[in-house]
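*Asks:* Below is one structure. I have some questions about it.
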Amino acid sequence: MKVVVSIGGSVLVPEPGADRVAEHAAVIEDLIDEGCRIGAVIGGGGVAREYISAARNLGANEIELDQLGIDVTRLNARLLIAALSEESVTAPALDYEEASEALRRDDICVMGGVAPAQTTDAVGAALAEYIDADLLVYATSVPGVYSADPNEDDDATKYDELSATELVDAIAGLEMNAGASAPVDLLAAKIIQRSGMRTIVLDGTDPDRIARAVRHGEHGGTDIVPEGVGAEPTYWASDEQ
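Every letter in the sequence shown is one number past the one before it in numbering that gives the first Met the number 0, and letter 226, counting from 1, is 225.
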């Protein structure tokens, strides 16, 4: 089973320290031991936002800001690599071909951002499409996809399940509202729609949720189910395993 896990920077490194990074690394290695092939994409989080804000005040243009954010995602990726076993790559992959080659060698592939104007949400979806993954998991700081920004709207409803087309519509609606935030960006949603990739959006602040989602499909987040497939994938492990 090939799995891409996209971990938000604020999820992996909510504050300077090693504990959360080590917990995510342990979950990834456990899944590897059980036969999964894992590609991990790491976001920039609050650290990236702070650097970008400072650089914008200093007069940097948007491409320069994007490059700064990419640099931070790769630093976060190196933190995860440091916590992984020797079977991991020694540096973040810089493009999808490099990431795919690492997976073919049965290495644990880790990457951050790739190009300006593209978030790590989109990188995760593109990597999953490139390697023909069985499952894409977004480990975010929110419990799933909502009808509105739950931080701004008390009536926001969490979706337990969406089709890829419904995901695109839901995310587009959120992005139209000024100041709204979404757990997956619109480009990522469109790549998921194009590829027909089974996807889970969940609260990754507890890394064990990622493990349960991959093993059994149990997560409490939002399932993105491609059109024309059954609700229960055949590749999830049984409870007896």
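The beta-carbon is built from N, C-alpha and C at its ideal position, and this holds for glycine as well.
Being a predicted model, the structure only gives us computed values, none of them experimental.
(1) Looking only at C-alpha atoms, which of Ile-107, Ile-6, Ala-54 and Ser-52 sits nearest to Arg-36?
(2) In the DSSP assignment, what residue or residues form a beta bridge with Met-0?
(3) Cβ-heavy atom distance between Ala-81 and the ligand ATP below 7 Å?
(4) For the stretch 21 to 54, which segments carrying the beta strand (DSSP E) assignment without a break, of at least 3 residues, lie completely within its bounds, in sequence order?
(5) Indicate whether Gly-245 and Ser-9 have their beta-carbon atoms separated by less than 8 Å.
(6) Could you give the DSSP three-state label for Met-175: helix, strand or coil?
(7) Taking the beta strand (DSSP E) that Tyr-137 falls in, what are its first and last residues?
(8) Based on the DSSP output, what are the partners of Glu-128 in its beta bridges?
(9) Roughly how many whole angstroms lie between the Cα atoms of Val-71 and Gly-112?
(10) Do the CB positions of Ile-223 and Leu-166 come within less than 8 Å of each other?
(11) What would DSSP say about Ser-87, mapped onto helix, strand or coil?
(12) Using only alpha-carbon positions, find the residue among Asp-32, His-23 and Arg-19 that is nearest to Lys-1.
(13) Using three-state DSSP, classify Ala-76 as helix, strand or coil.
(14) Just list the beta strand (DSSP E) runs in the stretch 140 to 210, keeping only unbroken ones of 3 residues or longer that don't cross its boundaries, in chain order.
(15) Using alpha carbons as the reference points, say which of Ala-155, Ile-27 and Val-141 lies closest to Val-3.
(16) Would you call the CB atoms of Gly-7 and Gly-219 closer than 8 Å?
(17) Can you name, in chain order, every residue of its own chain whose Cβ lies under 6 Å from the Cβ of Thr-198, other than the five neighbours on each side?
(18) To the nearest angstrom, how far is it from the Cα of Pro-149 to the Cα of Ala-155?
(19) Contact between the stretch 49 to 69 and the stretch 77 to 84: three or more CB pairs below 8 Å?
(20) If I measure Cβ to Cβ from Ala-92 and keep anything under 8 Å in the same chain, skipping five residues before and after, which residues do I get?
(21) Work out the CA separation of Ala-127 and Gly-16 for me, nearest whole Å.
(22) Quick check on His-23: buried or exposed, where buried means 16 or more other Cβ atoms within 10 Å of its Cβ?
*Replies:* Checking against the coordinates, here is how it stands:
(1) Against the sequence shown, residue 36 aligns to sequence position 37. For Arg-36, the nearest C-alpha among the options comes from Ile-107.
(2) Locating residue 0 in the sequence shown gives position 1, counting from the first residue. Met-0 is not bridged by DSSP to any residue.
(3) The model on display carries no ligand, and the ligand ATP is accordingly not part of it.
(4) Fully enclosed beta strand (DSSP E) runs of 3 or longer: 36 to 41.
(5) As shown, the chain starts at 0 and ends at 240. That puts residue 245 outside it, with no answer to give.
(6) As a working note, residue 175 is residue 176 in the sequence shown. For Met-175, the predicted model reports a pLDDT of 48, less than 50, meaning its position is unreliable and no value from the coordinates is stated.
(7) If you number the sequence shown from 1, residue 137 lands on position 138. 134 to 139 is the extent of the beta strand (DSSP E) around Tyr-137.
(8) As a position in the sequence shown, residue 128 is number 129, starting the count at 1. In the DSSP assignment, Glu-128 forms no beta bridge with any residue.
(9) As a first step, residue 71 must be located in the sequence shown, where it is residue number 72. As a first step, residue 112 must be located in the sequence shown, where it is residue number 113. For Val-71 and Gly-112, the distance between alpha carbons rounds to 9 Å.
(10) Along the sequence shown, read from residue 1 onward, the residue named residue 223 stands at position 224. Along the sequence shown, read from residue 1 onward, the residue named residue 166 stands at position 167. Taking 8 Å as the Cβ cut-off, Ile-223 and Leu-166 qualify as a contacting pair.
(11) Start at 1 with the first residue of the sequence shown, and residue 87 comes out as number 88. The answer is strand: DSSP assigns Ser-87 an E or B state.
(12) One-based indexing of the sequence shown puts residue 1 at position 2. Selected option, being the one with the closest Cα: Asp-32.
(13) Position 77 of the sequence shown holds residue 76. The three-state reading of DSSP puts Ala-76 in helix, counting H, G and I together.
(14) Within the stretch 140 to 210, the complete beta strand (DSSP E) runs of at least 3 residues are 198 to 202.
(15) As a working note, residue 3 is residue 4 in the sequence shown. Nearest C-alpha to Val-3: Ile-27.
(16) Indexing the sequence shown from 1 puts residue 7 at position 8. Indexing the sequence shown from 1 puts residue 219 at position 220. Not a contact, by the Cβ cut-off of 8 Å.
(17) Start at 1 with the first residue of the sequence shown, and residue 198 comes out as number 199. Only Leu-135, Ile-191 and Ile-223 meet the Cβ criterion.
(18) In the sequence shown, counting from the first residue as 1, residue 149 sits at position 150. In the sequence shown, counting from the first residue as 1, residue 155 sits at position 156. Rounded to the nearest angstrom, the two C-alpha atoms are 5 Å apart.
(19) No, they do not touch.
(20) As a first step, residue 92 is located in the sequence shown; it is residue number 93 there, counting from the start. Excluding residues within five positions, the ones whose Cβ falls inside 8 Å are Ala-98, Ala-101, Cys-108, Val-109 and Met-110.
(21) In the sequence shown, the residue the question calls residue 16 occupies position 17. In the sequence shown, the residue the question calls residue 127 occupies position 128. Between Gly-16 and Ala-127, the C-alpha separation is close to 29 Å.
(22) On the sequence shown, position 24 is the one that residue 23 refers to. That one is buried.
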